[in-house]
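In our numbering, the protein residues as written are 651 to 816. Cβ coordinates follow ideal geometry from the N, Cα and C atoms, glycine included. Given the structure is predicted, the values throughout are model-derived calculations rather than measurements.
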């Protein structure tokens, strides 16, 4: 990643990028139970990546700051983001496998999801600082913006591991 983002974006999304592994089931299994499902479908996903792709498809100039693995799932996610028009120069690659979400969906659309965060869990405040991603929206003072980031990082549990301040 370059030393700084160019600030010609409408939206910078800092968030997760996962491969969604989806299986349709007649009913979700109980503890210790096995059920048969449909063929496995693999889709790009993750809350952050989904938001970035949606915003870009709606015409917003969008960039994503996230972490993915140097693996097939990471390449799938990067390709999907680029195809949606998202700038991916802020996506860090390697250090852990790409996060995955194992999703079971029943005929009514109800689902059960288990997430292995993988590389997502290694995104730190230092990564955000290194990206130079401190663009301040009009009308916000920089101190207010930093305060919001601090609260967000504490909430995510990343703050304690990073040993630094925004």
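- Taking a C-beta distance under 8 Å as the contact criterion, residue 749 and residue 781 do not qualify as a contact pair.
- Counted as a single uninterrupted DSSP element, the stretch harbouring residue 721 is not any alpha helix (DSSP H), since DSSP gives it neither H nor E.
- Between residue 726 and residue 663, the C-beta spacing is not below 8 Å.
- Judged by DSSP secondary structure, residue 749 falls within the beta strand (DSSP E) whose first and last residues are 749-755.
- With the rule of 3 Cβ pairs closer than 8 Å, the segment 762-775 does not count as touching the segment 726-737.
- The C-beta distance from residue 698 to residue 665 rounds to 2 Å, short enough to meet the 8 Å contact threshold.
- For the 8 Å CB-CB criterion, residue 682 and residue 674 do not form a contact.
- Counting along the chain, residue 670 sits inside no alpha helix (DSSP H); it lies in the beta strand (DSSP E) bounded by residues 668-674.
- As the crow flies, the alpha-carbon of residue 705 is around 24 Å from that of residue 771.
- The beta-bridge partner set that DSSP reports for residue 761 consists of 755.
- For residue 778, the enclosing alpha helix (DSSP H) starts and ends at 775-780.
- Between the beta-carbon of residue 694 and that of residue 685 there is about 26 Å, and that puts the pair past the 8 Å contact cut.
- Its chain contains 674, 675, 676, 677 and 678 as the residues whose beta carbon lies nearer than 8 Å to that of residue 756, once the 5 sequence neighbours on both sides are disregarded; these appear in chain order.
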